[in-house]
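Worksheet: the structure to be examined is printed underneath.
2 protein chains.
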Amino acid sequence: MKKIDICLSPDLIHQFDLHESVAVVIDILRASSTITTAIGHGAEAIRLVETVAECKVFKEEGYIAAGERDGKKVRGFDLGNSPYDFINSEIEDKKIALTTTNGTNALMKAKGALQVLTGSFLNYTALLSYIEKLPCDVLLVCAGWKGKVNLEDTLFAGAVVYGLKQLFEYGSDVPLMAVNYYKQAKDNLKLAVEGSSHVQRLMGMGMERDIDYCLKFDEYKVIPILKGLNITKMKLSDMLF
Amino acid sequence: MKKIDICLSPDLIHQFDLHESVAVVIDILRASSTITTAIGHGAEAIRLVETVAECKVFKEEGYIAAGERDGKKVRGFDLGNSPYDFINSEIEDKKIALTTTNGTNALMKAKGALQVLTGSFLNYTALLSYIEKLPCDVLLVCAGWKGKVNLEDTLFAGAVVYGLKQLFEYGSDVPLMAVNYYKQAKDNLKLAVEGSSHVQRLMGMGMERDIDYCLKFDEYKVIPILKGLNITKMKLSDMLF
Numbered sequence: 000m001k002k003i004d005i006c007l008s009p010d011l012i013h014q015f016d017l018h019e020s021v022a023v024v025i026d027i028l029r030a031s032s033t034i035t036t037a038i039g040h041g042a043e044a045i046r047l048v049e050t051v052a053e054c055k056v057f058k059e060e061g062y063i064a065a066g067e068r069d070g071k072k073v074r075g076f077d078l079g080n081s082p083y084d085f086i087n088s089e090i091e092d093k094k095i096a097l098t099t100t101n102g103t104n105a106l107m108k109a110k111g112a113l114q115v116l117t118g119s120f121l122n123y124t125a126l127l128s129y130i131e132k133l134p135c136d137v138l139l140v141c142a143g144w145k146g147k148v149n150l151e152d153t154l155f156a157g158a159v160v161y162g163l164k165q166l167f168e169y170g171s172d173v174p175l176m177a178v179n180y181y182k183q184a185k186d187n188l189k190l191a192v193e194g195s196s197h198v199q200r201l202m203g204m205g206m207e208r209d210i211d212y213c214l215k216f217d218e219y220k221v222i223p224i225l226k227g228l229n230i231t232k233m234k235l236s237d238m239l240f
Numbered sequence: 000m001k002k003i004d005i006c007l008s009p010d011l012i013h014q015f016d017l018h019e020s021v022a023v024v025i026d027i028l029r030a031s032s033t034i035t036t037a038i039g040h041g042a043e044a045i046r047l048v049e050t051v052a053e054c055k056v057f058k059e060e061g062y063i064a065a066g067e068r069d070g071k072k073v074r075g076f077d078l079g080n081s082p083y084d085f086i087n088s089e090i091e092d093k094k095i096a097l098t099t100t101n102g103t104n105a106l107m108k109a110k111g112a113l114q115v116l117t118g119s120f121l122n123y124t125a126l127l128s129y130i131e132k133l134p135c136d137v138l139l140v141c142a143g144w145k146g147k148v149n150l151e152d153t154l155f156a157g158a159v160v161y162g163l164k165q166l167f168e169y170g171s172d173v174p175l176m177a178v179n180y181y182k183q184a185k186d187n188l189k190l191a192v193e194g195s196s197h198v199q200r201l202m203g204m205g206m207e208r209d210i211d212y213c214l215k216f217d218e219y220k221v222i223p224i225l226k227g228l229n230i231t232k233m234k235l236s237d238m239l240f
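Order-wise, the sequence lines are chains V and Y.
Residue numbers for the first sequence follow numbering that gives the first Met the number 0, beginning at 0 and rising by one.
Residue numbers for the second sequence follow numbering that gives the first Met the number 0, beginning at 0 and rising by one.
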């Protein structure tokens, strides 16, 4: 039977056999939610870059420079990492260079997988519909906060396992734990994530609106897929079945 | 305020500042339960060794050789890793050389801490009474299964956080997640751990009796403490307050 597993931190990625799996990178607050929003609003590609300096080089080449450090927009950039920055007709058909604290790192570490997708509540059903049909194992990779296991990413991983029902066997105890945690939390996700250190950090920065948005289900039907260093919208020809 | 945090896998230990913390190593099935039992039954010291060959050298020097590989007693050893092997008057005042799959590794990785203790349901209240009074941070280090996050160790870490109530602030989201998981599970721990891959593995080996035993609260009042490579019973003079 196909297996599903959850890597709770990018620092644990060596424990998993990426080569046989499709990886779904999860950084609910906010990289994977922002990427979903940008792709959903027609961005042609999102180029992941590691450093602020590199991002600025891409800006000189015509990219929109976007990203945050420690939750704040980088000075001189066009956009931050708030998904609201990408609900914006000006990004349609544009290329975006994006650097974030956590999400970029997790995406880079997942690169050995058969495919690397990003997942968020915002594209939950689209993601589920795709991975349910996959002929291979699936690994959910939580970005966490600076590598540390966090609540909101674990909760979303649990939501995915919950949605898959019985089609996959669990590769470790973590899917069982995450799905039980999600069941306990699902009737009030906002309440469940309010104890999270990252949520409190963002709320302290006045970003409650972002949090509410990132917990919305199914605002978009797109699946972002990593190709080389670019994230684009998954096309029919990308599907592994 | 003092902090409490949980390291869900020895592979994440680099994320924590061990030098300022007392570490509690948790390997419910079965190293930390077995160590508690052996110390509770009067073993003078438990020497942790990495390899089976090394354990045999200690046997030649008069130690009792104990340990398991993949859940089974090593051939030629006096004792396995079942706690029942240590409910045994012959271990009183004896030195034991112990090698296990998971627990030894976690103990070794925690060695940079101010003190390294072991925790299990079997010495839950004794452990809580001590760490509540500590003037420093506490890190609960789950051994997991071959480094992978597991259910029973996470659950026990949650039980510790639950018992501590409000005296410590949480160092990350993990204590919050673990305590919520424990609250959900505490009325039927056996049921809660039955989904664990390791529990199923042990049950398949006919070790249900071990599992029931390892989930018992407060069979012993001892706190095992690591000194160099030996685990002994904590004495008054070891206490950090």
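By construction, the Cβ of each residue, glycine as well, lies at the ideal position given by its N, Cα and C atoms.
If you're wondering where the values come from, they're calculated on a predicted model, not measured in any experiment.
Subject >> Buried/exposed call for Pro134/V, threshold 16 Cβ in 10 Å >> reply: exposed
Original post:
Would DSSP call Val221/V helix, strand or coil?
Top reply: coil
Subject >> Distance between Leu97/V and Lys58/V (C-alpha atoms, nearest Å) >> reply: 10 Å
Subject >> Distance cut-off 6 Å: Pro9/V Cβ against heavy atoms of the ligand FAD >> reply: The model depicted lacks the ligand FAD and carries no ligand whatsoever.
**OP:** Note the first and the last residue of the continuous beta strand (DSSP E) segment covering Val140/Y.
**Re:** Asp136 to Cys141
Original post:
Nearest to Ala30/Y by alpha carbon, out of Val160/Y, Glu89/Y, Asn104/Y and Ser195/Y?
Top reply: Asn104/Y
Original post:
When the distance is taken between beta carbons, is Cys213/Y closer than 7 Å to Leu47/Y?
Top reply: no
Original post:
Tell me which same chain residues have a C-beta within less than 7 Å of the C-beta of Leu201/V, skipping the five on either side of it?
Top reply: Leu28, Gly70, Asp209 and Ile210
Original post:
Excluding sequence positions up to five away, which residues of its chain have a Cβ less than 6 Å from the Cβ of Val115/Y?
Top reply: Ala22, Ala109 and Leu225
Original post:
Taking the continuous alpha helix (DSSP H) assigned at Gly203/Y, which residues delimit it?
Top reply: Ser196 to Gly203
**OP:** Check whether the Cβ of Met176/V lies closer than 7 Å to any Cβ atom in chain Y.
**Re:** yes
Original post:
Can you list, in chain order, the residues of its chain whose CB lies under 8 Å from that of Asn187/Y, leaving out five sequence neighbours each side?
Top reply: none
Original post:
Helix, strand or coil for Glu168/V per DSSP?
Top reply: strand
Original post:
In this structure, does DSSP put Ile95/V in helix, strand or coil?
Top reply: strand
Subject >> Residue from Ala191/Y, Leu190/Y and Leu139/Y with nearest C-alpha to Tyr169/Y >> reply: Leu139/Y
**OP:** Starting from Lys2/V, follow the beta strand (DSSP E) in both directions and report where the run begins and ends.
**Re:** Lys2 to Cys6
Original post:
Should Gly203/V be labelled buried (16 or more other beta-carbon atoms within 10 Å of its own) or exposed?
Top reply: exposed
**OP:** Measure the CB-CB distance between Tyr123/Y and Asp217/Y and report whether it falls below 7 Å.
**Re:** yes
Original post:
Roughly how many angstroms separate the alpha carbons of Gly118/Y and Met107/V, rounded to a whole number?
Top reply: 37 Å
**OP:** Note down, in chain order, every chain Y residue with its Cβ under 9 Å from the Cβ of Gly102/V.
**Re:** Under the 9 Å cutoff, chain Y gives no residues; its nearest Cβ is about 17 Å from Gly102/V.
Original post:
In the segment 77-100 of chain V, which residues sit with their C-beta less than 7 Å from some C-beta in chain Y, listed in chain order?
Top reply: none
Original post:
Which of helix, strand or coil does DSSP assign to Asp50/V?
Top reply: The displayed chain sequence assigns Thr, not Asp, to residue 50/V. Three-state DSSP puts Thr50/V in coil, outside helix and strand.
Original post:
If you draw a straight line from the alpha carbon of Asp77/V to that of Leu150/Y, how long is it in whole angstroms?
Top reply: 44 Å
**OP:** Answer yes or no: do Asn101/V and Asp4/V have a C-beta to C-beta separation smaller than 7 Å?
**Re:** no
**OP:** Can you grab the Cα-Cα spacing for the pair Leu113/V / Pro174/V, in whole Å?
**Re:** 20 Å
Original post:
By a C-beta neighbour count over all protein chains shown, 10 Å radius and 16 as the cutoff for buried, is Leu239/V buried or exposed?
Top reply: exposed
Original post:
What's the gap between the Cα of Ala191/V and the Cα of Ile12/V?
Top reply: 26 Å
Original post:
Taking only beta-carbon atoms, is Lys220/Y less than 7 Å away from chain V?
Top reply: no
Original post:
Does DSSP put Ala162/Y in a helix, in a strand, or in coil?
Top reply: Ala is not the amino acid found at residue 162/Y; the sequence shown has Gly there. Residue state, collapsed to three classes: helix.
**OP:** Specify, as a first and last residue, the run of the alpha helix (DSSP H) that Ser128/V falls within.
**Re:** Tyr123 to Lys132
Original post:
Residues of chain Y with a CB under 7 Å from the CB of Gly194/V: which are they?
Top reply: Leu175
Original post:
Do Tyr219/Y and Leu121/Y have their C-beta atoms closer together than 7 Å?
Top reply: yes
Original post:
Among Ser196/Y, Glu131/Y and Thr153/Y, which has the Cα closest to the Cα of Val178/Y?
Top reply: Thr153/Y
Original post:
Helix, strand or coil: how does DSSP classify Leu150/V here?
Top reply: helix
**OP:** Kindly list, in the order they appear in chain V, the residues whose Cβ is closer than 9 Å to that of Leu11/Y.
**Re:** Leu7, Ser8, Asp10, Leu11, Gly146, Lys147 and Val148
Original post:
When the cut-off is 7 Å and only beta carbons count, does Gln199/V lie next to chain Y?
Top reply: no
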